[in-house]
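2 protein chains.
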Amino acid sequence: MGETEEREFLAAREDVVKKVLEQQPDDEILYDLAELFKVFGDSTRIKILYSMFETELCVNDIAKLLNLSQSSVSHQLRILKSSKLVKFRREGKSIFYSLDDEHVRAIISMGMEHVEE
Amino acid sequence: MGETEEREFLAAREDVVKKVLEQQPDDEILYDLAELFKVFGDSTRIKILYSMFETELCVNDIAKLLNLSQSSVSHQLRILKSSKLVKFRREGKSIFYSLDDEHVRAIISMGMEHVEE
DNA sequence: TATACATATGAACAAATAAACATATGTTTA
DNA sequence: TAAACATATGTTTATTTGTTCATATGTATA
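Line by line, the protein sequences give chains A and B.
Numbering (our numbering) for the first sequence: 1 to 117.
Numbering (our numbering) for the second sequence: 118 to 234.
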C-alpha cells in the first residue's frame with residue numbers, strides 16, 4: 001500500500017466509524033439489553049424458564065422438578081419477575097408462575113436454534 | 118380444601134411435574150443455551166455486536182468507536198468467535214469482524230423489542 | 001388463634017469473569 | 001531483515017453473582 005492509498009484507507013475507516021457511531025443506540029439502552037440477556041445467561045434460570053414453556057408452575061413444582069432448593073428457586077424467580085420475563089398469580093397457598101409473553105418464548109427459541117446448529 | 122381435594126391437587130401437580138420433566142431438553146443443551154445468552158449478557162460485548170449490525174469492522178475501529186482498549190476488544194472478540202457469533206477475514210494487517218449469521222441479528226432484535234417495551 | 005404449609009428475604013461465602021497491563025505473534029513495507 | 005503496525009494472549013485483580021442457611025411473611029384450616 002502506497003502512502004496515498006494508506007491515507008485514503010484511514011479516512012475511509014474514520015467515515016465508517018463515524019457512521020456506526022451515529023446509528024448506535026444510547027449506551028443506556030444497550031446496557032439494559034445486556035442486563036436482559038444476562039438474566040437468560042444462567043443455567044438455573046434457563047431451566048426454570050424452559051420448564052414453564054408449556055405450563056404454569058408453582059415454586060414447589062419447580063424445586064422438585066429441577067432438584068433445587070426452595071430458596072434458590074425463589075431467588076431466581078425474583079430476578080425473572082423484575083425483568084418481566086415471568087408473571088404470577090396466587091391460588092391459595094401456592095403462587096403460580098408462567099412466562100410473561102411471547103417475546104420470552106421467541107428469544108429462547110432463537111437461542112435454541114443457534115445452539116442446536 | 119378437604120382432604121380428598123388436597124390429595125387430588127397433589128396428584129395433579131405430580132402429573133404436571135412429570136410431564137414437564139419429560140418435555141425438558143437435556144441439561145447439557147440448556148447449559149449451552151445459558152452459555153450462549155451469557156455471551157450476549159455483557160454490555161461491552163453487546164456494544165461490539167451492535168456496532169457490527171450493519172457493517173464489518175476491524176479491531177481498531179471497534180476500540181476507537183467504543184473507547185475501549187485494544188486488549189479488551191480482542192479478548193471479547195475471542196469470546197464472540199468461540200460462540201460463533203462473529204466471523205472474520207484478514208485483509209493485510211487488519212482483521213475484519215462481522216456478525217456470523219441472521220440468528221445473531223434476530224436474537225439481538227428480539228431482545229431490543231423486549232427492552233423497548 | 002395456633003399450627004402447618006408455601007413462598008420470600010437477608011446475610012455470608014465461594015466461584016466466575018471483565019478489565020488492565022505486559023508481552024507475544026503475525027503481517028507489511030522500507 | 002528490521003521496523004512499524006495490527007491483533008492476540010497470559011496473568012493478576014477487583015467485582016459480580018449464585019447458592020446456602022436462617023428467618024420472616026403470608027395463607028389456609030383445625
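For each residue, glycine too, the CB sits at the ideal point set by N, CA and C.
For this session: Can you tell me the Cβ-Cβ gap for B:L216 and B:V203, rounded? I've got them flagged as a contact below 8 Å.
Result: So it is a contact: roughly 6 Å between Cβ atoms.
Exercise. Taking 8 Å as the CB-CB limit, is A:S51 close to chain B?
Worked result: yes
Problem set entry | Alpha-carbon spacing of A:I46 relative to A:E28, whole angstroms | 25 Å
Exercise. So, are the CB atoms of B:V176 and A:L65 less than 8 Å apart?
Worked result: no
For this session: Could you name the residues of the same chain whose beta carbon sits closer than 7 Å to that of A:Y23, not counting the 5 residues immediately before and after it, in chain order?
Result: It should be noted that the sequence gives Gln, not Tyr, for residue 23 of chain A. Excluding sequence neighbours, A:Q23 sits near nothing in its chain.
Problem set entry | Cross-chain neighbours of A:T4 in chain B, by beta carbon under 9 Å | By Cβ distance, chain B contributes nothing, its closest Cβ being about 15 Å from A:T4, past 9 Å.
Exercise. Taking the Cβ atom as the reference point for each residue, do A:I107 and B:G228 lie within a distance shorter than 8 Å?
Worked result: yes
For this session: Give the straight-line distance between the Cα atoms of A:R89 and A:E56, rounded to the nearest whole angstrom.
Result: Going by the C-alpha atoms only, they are around 10 Å apart.
For this session: Closer than 7 Å by beta-carbon distance: list the chain B residues that pair up with A:Q23, in chain order.
Result: Residues of chain B passing the Cβ test: E171.
For this session: Could you tell me if A:G2 is buried or exposed, where buried requires 16 or more neighbouring beta carbons within 10 angstroms of its beta carbon?
Result: exposed
Exercise. Quick one: is A:S72 near chain B, going by C-beta distance under 8 Å?
Worked result: no
Exercise. How big is the Cα-Cα spacing for A:V39 and A:R78?
Worked result: 11 Å
For this session: Could you tell me if B:G158 is buried or exposed, where buried requires 16 or more neighbouring beta carbons within 10 angstroms of its beta carbon?
Result: B:G158 is buried by the Cβ-count criterion.
Exercise. If we call anything under 8 Å between Cβ atoms a contact, is B:P142 one with A:Y97?
Worked result: no
Exercise. Checking contacts by CB at 8 Å: is B:L147 closer than that to chain A?
Worked result: yes
Exercise. Is the beta carbon of A:Q76 less than 8 Å from the beta carbon of A:T44?
Worked result: Taking a C-beta distance under 8 Å as the contact criterion, A:Q76 and A:T44 qualify as a contact pair.
Problem set entry | Separation of B:L150 from A:A11, as counted between CA atoms | 41 Å
Exercise. Between which two residues does the beta strand (DSSP E) harbouring B:E208 extend?
Worked result: 203-208
Exercise. Taking DSSP as the reference, what is the three-state secondary structure of B:L85?
Worked result: Outside the shown range of chain B, which is 118 to 234, sits residue 85 of chain B, and nothing can be said about it.
Exercise. Taking Cβ-Cβ distances below 7 Å as the criterion, which residues of the region 93-113 of chain A are in contact with chain B?
Worked result: H103, A106, I107, M110, G111, M112, E113
For this session: Identify the contact partners of A:V86 in chain B, using a Cβ-Cβ distance below 7 Å as the criterion.
Result: Near A:V86 there are no residues of chain B at all, since even the closest Cβ is about 13 Å away, more than 7 Å.
Exercise. Taking the beta strand (DSSP E) that A:S51 falls in, what are its first and last residues?
Worked result: That residue, A:S51, is in no beta strand (DSSP E); its alpha helix (DSSP H) goes 43-51.
Problem set entry | Terminal residues of the alpha helix (DSSP H) in which B:S226 lies | 219-232
For this session: Please compile the residues from chain A whose C-beta is within a distance smaller than 7 Å of the C-beta of B:S160.
Result: L30, Y31, A34
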